[in-house]
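Peer 1: This structure is in structure tokens; I'll ask about it shortly.
In my numbering, the protein residues as written are 1 to 167.
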């Protein structure tokens, strides 16, 4: 069986979109904070004076800017690190999670269970093995076809290595 190597990272367009969305939110909420002269009542539970409401708006704008910063850092990390999913004849190797650079190597013979889940349109392959668990997300691969290719390859390789795990 040939080795399969696929990039395993969030798409740049998603990160740029997140930066744009949260940047726009920060600008709109910041403008509201800068021009605020009224109090604020939230769901009849919290009541703010004009000064308290202004502070609340600035806090929301700051939180939105924090998300812009996090997306920018993720974009830089995406383009500076070589994160990939590798399937060889005897093992698979992937980042421990979506943000980690630490690689986990799992021998196909050590895989005890494969579970396919779908959460809000994202497919997750949960791999249980003798050393722990590893989850592969379809959103971190180049496309749905790549995820289907990975799933089929893992199932086939587990079967040839004497494993019992199937999705």
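Ideal placement from N, C-alpha and C gives every residue a C-beta, glycine not left out.
By the three-class DSSP mapping on this structure, what secondary structure does residue 186 have?
Peer 2: Absent from the structure is residue 186, since the part of the chain shown begins at 1 and ends at 167.
Peer 1: For the beta strand (DSSP E) containing residue 112, list its first residue and its last residue.
Peer 2: 111 to 119
Peer 1: Ignore the nearest five residues each way along the sequence and tell me which others in residue 57's own chain have a CB closer than 7 Å to its CB.
Peer 2: 29, 32, 33 and 36
Peer 1: Cβ of residue 140 within 8 Å of Cβ of residue 9?
Peer 2: yes
Peer 1: Could you pull the DSSP bridge partners for residue 83 from this structure?
Peer 2: BP columns for residue 83 are empty, so no partner.
Peer 1: Since residue 132 is in the beta strand (DSSP E), which residue starts that stretch and which ends it?
Peer 2: 132 to 137
Peer 1: If we ignore side chains and look at the alpha-carbon of each, how far apart do residue 85 and residue 6 end up?
Peer 2: 5 Å
Peer 1: Check each candidate in 82, 67, 50 and 110 and name the one with the smallest Cα separation from residue 22.
Peer 2: 67
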